[in-house]
Every structure is written in C-alpha cells, then in structure tokens.
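As structure tokens, the structure follows; a few thoughts come after it.
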Amino acid sequence: MDSQRAPSPYQRSLRKRSSVYPCTRCSQNNRSVWSLEQFERLFIRTPETPRKAWSVEPLRIAVIGAGYWGKKVIRETLDVGRTTGRVQVHAVVDNSPTMLSHCQNEFGPLDYKLDYHELLTDPKLSGVHICSPNATHFEVASDFLKAGKNVLVEKPLTLRSKEAYQLVQLAKDNNLVICTGHIHRFNNGVRELRRALASGVLGDLYYLRFVWAGFLPPQGFREVITDLAPHPFDICNFLLDKWPTKVTCRGKGYRTKENEELAFITAEHAGDLTAQVEVSWLSREKRREVTVVGSKAEAYLDCSDQKGVLRTSEGTQQISITPSNTLREEVEHFLNCIASHQDSKPFSNQSDGVLGARVVSVLESARESIRQERTMQIQMPTAEEIRAK
Numbered sequence: 241m242d243s244q245r246a247p248s249p250y251q252r253s254l255r256k257r258s259s260v261y262p263c264t265r266c267s268q269n270n271r272s273v274w275s276l277e278q279f280e281r282l283f284i285r286t287p288e289t290p291r292k293a294w295s296v297e298p299l300r301i302a303v304i305g306a307g308y309w310g311k312k313v314i315r316e317t318l319d320v321g322r323t324t325g326r327v328q329v330h331a332v333v334d335n336s337p338t339m340l341s342h343c344q345n346e347f348g349p350l351d352y353k354l355d356y357h358e359l360l361t362d363p364k365l366s367g368v369h370i371c372s373p374n375a376t377h378f379e380v381a382s383d384f385l386k387a388g389k390n391v392l393v394e395k396p397l398t399l400r401s402k403e404a405y406q407l408v409q410l411a412k413d414n415n416l417v418i419c420t421g422h423i424h425r426f427n428n429g430v431r432e433l434r435r436a437l438a439s440g441v442l443g444d445l446y447y448l449r450f451v452w453a454g455f456l457p458p459q460g461f462r463e464v465i466t467d468l469a470p471h472p473f474d475i476c477n478f479l480l481d482k483w484p485t486k487v488t489c490r491g492k493g494y495r496t497k498e499n500e501e502l503a504f505i506t507a508e509h510a511g512d513l514t515a516q517v518e519v520s521w522l523s524r525e526k527r528r529e530v531t532v533v534g535s536k537a538e539a540y541l542d543c544s545d546q547k548g549v550l551r552t553s554e555g556t557q558q559i560s561i562t563p564s565n566t567l568r569e570e571v572e573h574f575l576n577c578i579a580s581h582q583d584s585k586p587f588s589n590q591s592d593g594v595l596g597a598r599v600v601s602v603l604e605s606a607r608e609s610i611r612q613e614r615t616m617q618i619q620m621p622t623a624e625e626i627r628a629k
C-alpha cells in the first residue's frame, strides 16, 4: 500500500543534511525558508501522508506531441498514476496518425486525438504537458492558457522572448500555473554541485564550462543553439543565481548551411565570472558535462549519469550523489503546483515561466551575436516590465 512506502533515498539524504528546505518563488525573486517537515507535508508523499490527503480525484493531464520526448512523458505520467493515483493521462494528441498508432501499440487504450482544440473546452482537463515541436509551443500554450488550463511546456518555452513573456503574463492574468521543462533542476547531481558551490569548497569561482553534444543527422529546419543550449544556461543560473549580462557566440553548419550544427558561446556574468558553452550535433559521443573551476578546487559533473568528482591539489574524490529520476520529478512537480494552487496553498514553482522566458532571452542574444558578429548585451526585464509586456 502507498501508506507503507518508505521514504526515497533523496528524502533520507535531505533529513540527514538539513532541517530546512529553501522555498523560492522564482518569479518574484524572494525567498523564504520552510522546515523540512513543512516541505514534505506539502510536496512529498511520506508514509504518514495518505492518498486522500492529496486529492479525491486524480488530476487529468493531456500530453500534446507524441514524438520521442512525448512518449517518454506519457510513459512516466502513466507510471506516476499507477504508483500514486494522483494523475491520469486524459488524452494524447499528435497530428501524425503513425505516431498515435505507435503510442496505442505501446500504451494501450487511451484517448488519442489528431487535434487538441476540443480539449480547450473540456471541463475535466487539469493541465497539459506540451511536447510538440519548438515552433508550435507559443500557439499551443497560449491557446490552453486562454482556455483556463495549466501548462507545462518543454524547453525552450518559445522561440522568441517576446512570446515567452506573453505566456507568463497570460498565466498571471488567468491565475494559472505555467512551468518550463528545465529538467536538470530535478537532477540530484546538479543539486549536489550547487551545494558544493554554496559550501565554499571551490573557493572563489573563476569560470564554468558546459559541453552539451551528441550526434544527430542534418536537421534542416532546426539549429543547435535552441535545441541544446537551454539546459546549460538554466543549470548555470541554478548554480549561480544570476543571469549573464553579455554573450558572444560563434557557430557554423558543416553538413547544412541553413542552420548551426556547432556553436561556442561565451556568457559573461557580474563579478568577472564567465561561462563557456559548447553545443554540437557533430560529436559521436553524447556528452552532458559541467565543470566549475575555483581558486581552491574544481568540480566535474556528468549530468546524464549523475556522477561527479571534486579535484583539489591533494587529489580527486567522488561526490556522493543518489541519482534522481528527473522526468518523474518534473511531472510530479507540475502536479504539486497544480494541486497546491487549486487548494490555495503556498507552493514553490521551481521551473516557472519567468525562468523559461529568461533562458529564451539568452538564446535569442546568442543567435543575434552570430548574425551581427559581435558581443550582445542582455537586458533581462524587471518584474514591472514583464507585467507591461
């Protein structure tokens, strides 16, 4: 029974490490500190939290887009529903009959649709997880927000920052939850790296280096910056609690001249801190790597395997990490936000729309740097400016 389930390894590690848990209302840039007991009572099912404490009825979520990532989302959401009873896959939408046929073969009888528009007026629908192509994110998300539905949009939130901030405003105007699929905010390796930085073990920070690479055939209409760079920039913000002020980008397409397949991005931050980001579809080796170099030590993390090391002048030691299921946590986080919002409870949206919009601002500046062949200043809008957009 669910009520007899033991705490997860990460819950146990939280209890060992700290008696408090930070709650960040990201869109307002303010912080409060809750006790671990308060956090678990609101956001984590424990043996003391019966199913009925969450919801009488499961939240009904539709998945929009049934490609590679959409199928992973469907699989994970179904598993969360089976193990917790908190969610039900209400519908799966894709404009390809072939994709829907593949899903039906794998997942069995669900409500499969070629068009999402009839869901806009479905009173049973709690929210949508948008996994459709990047260019469709704004239209699909805005349609559902205008219809009063909560949304989780996979990265990037949109292709243009103006549209991203419009989605943020739509969610605010309609009193809805908007999350962005910055999945590495739920990566225990990244969390441990953040703790290492906060502890001061690295000393004064000098620079960060990200390598996000993996082979793909020529993509034609897609470019590598928008596809791969969102995660490095989001992780960088999560580690530093700041956004870059300048960005310089150089990129090139080798097998196609239409779009970049390789890019090198230098992001300058306040305090003379630099982040170097390499993104590539040409490398035969899949790499999702973060290196942080400081005056006392450097830390390395493989974000895929969630394995890390700390290197000092005395030698190298492993960073203790209990790997997390990042996609499952992303799905559950969206459910937590919806459930708490519906019950008028305080909640921390760890991947809210403002974060997603600011990542889009950085990506936009990087692409503009290539076009103009110069360093670009990045102007992040204030809360007042966001409300005015």
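Using my numbering, you'd call the opening residue of the sequence shown number 241 and step up by one each time. The beta carbon of each residue, even a glycine, is placed where N, CA and C say it ideally should be. All values reported here derive from a predicted model rather than from experimental measurement.
Among the options, whose alpha-carbon lies nearest the alpha-carbon of residue i?
i, options, result
"P373", "K353, R462, A510, L350", "R462"
"K389", "T361, L456, N335", "T361"
"H630", "V332, R322, P298", "For residue 630 there is no data in the structure shown, the boundaries of the chain being 241 and 629."
"I237", "H377, E432, L350, I418", "For residue 237 there is no data in the structure shown, the boundaries of the chain being 241 and 629."
"L350", "S580, E394, I301, W309", "I301"
"L468", "E569, H422, V594", "H422"
"Q557", "L541, L480, K412, D481", "L541"
"V327", "L522, N335, H573", "H573"
"R322", "E613, R568, A381, D592", "R568"
"L448", "G460, D481, T514", "T514"
"D512", "R527, T485, P458, K526", "T485"
"T220", "C489, K497, N499, S544", "Because the chain in this structure spans residues 241 to 629, residue 220 falls outside the shown range and cannot be described."
"Y356", "G440, P363, S401, V303", "V303"
"K311", "E346, D444, I418", "E346"
"F478", "V391, L437, A537", "L437"
"S588", "G307, I418, V519, C343", "I418"
Could you compute how far the alpha carbon of residue i sits from the alpha carbon of residue j?
i, j, result
"S609", "G325", "48 angstroms"
"L385", "G534", "43 angstroms"
"F504", "E604", "14 angstroms"
"P249", "G493", "Any reading at P249 must be qualified, since the residue scores a pLDDT of 43, below 50, and its modelled position is unreliable; the value itself is stated next. Rounded to whole angstroms, P249 to G493 spans 44 angstroms at the Cα level."
"Q268", "L416", "Interpretation of Q268 is limited by its pLDDT of 36, a score under 50 that renders its predicted location unreliable; the figure taken from the coordinates is listed afterwards. Going from the Cα of Q268 to the Cα of L416 covers about 16 angstroms."
"T420", "Q516", "23 angstroms"
"N270", "A453", "Bear in mind that a pLDDT of 37 at N270, under 50, signals an unreliable position, so the number given afterwards is only what the model happens to contain. If you take the alpha carbons of N270 and A453, they lie about 34 angstroms apart."
"I465", "E403", "18 angstroms"
"L575", "V320", "10 angstroms"
"Y352", "V313", "15 angstroms"
"Q409", "M620", "15 angstroms"
"S580", "A387", "20 angstroms"
"R524", "F455", "5 angstroms"
"L359", "K482", "38 angstroms"
"L480", "L354", "42 angstroms"
"T615", "V602", "12 angstroms"
"R611", "V530", "27 angstroms"
"P470", "E501", "15 angstroms"
"G440", "R527", "27 angstroms"
"R551", "K364", "53 angstroms"
"L399", "F473", "15 angstroms"
"D583", "S564", "28 angstroms"
"E538", "Y405", "36 angstroms"
"G443", "K536", "5 angstroms"
"F450", "C543", "10 angstroms"
"N335", "T562", "39 angstroms"
"C371", "H377", "8 angstroms"
"S341", "G491", "38 angstroms"
"Y446", "D413", "41 angstroms"
"C343", "R315", "10 angstroms"
"E613", "T566", "37 angstroms"
What are the partner residues of residue i, as DSSP defines its beta bridges?
i, result
"R462", "Note: R462 sits in no beta bridge, so no partner."
"M616", "V487"
"S520", "A453, L502"
"G555", "T552"
"I418", "V391"
"E508", "K486, T514"
"L299", "V327"
"V313", "DSSP output for V313 lists no bridge partner at all."
"I423", "For I423, which the question treats as bridged, DSSP gives no partner whatsoever."
"H377", "Answer is none; H377 lacks a bridge partner."
"K353", "V333"
"T531", "R449, Y540"
"I304", "V333, I370"
Less than 8 angstroms separating the beta-carbons of residue i and residue j?
i, j, result
"V329", "T317", "yes"
"G548", "G429", "yes"
"H509", "I475", "no"
"Q546", "N427", "yes"
"G593", "A375", "no"
"L407", "S366", "no"
"L397", "V571", "no"
"A606", "V487", "yes"
"T394", "W309", "A small fix is needed here, since residue 394 is Glu in this sequence, not Thr. Yes. Within cutoff."
"G555", "E498", "no"
"R495", "P458", "yes"
If I'm right that residue i touches residue j with Cβ under 8 angstroms, what's the distance once you round it to whole angstroms?
i, j, result
"I578", "L299", "6 angstroms"
Spell out whether any CB of chain D is found under 8 angstroms from the CB atom of residue i.
i, result
"V464", "Any reference to chain D falls outside this structure, which holds one protein chain only."
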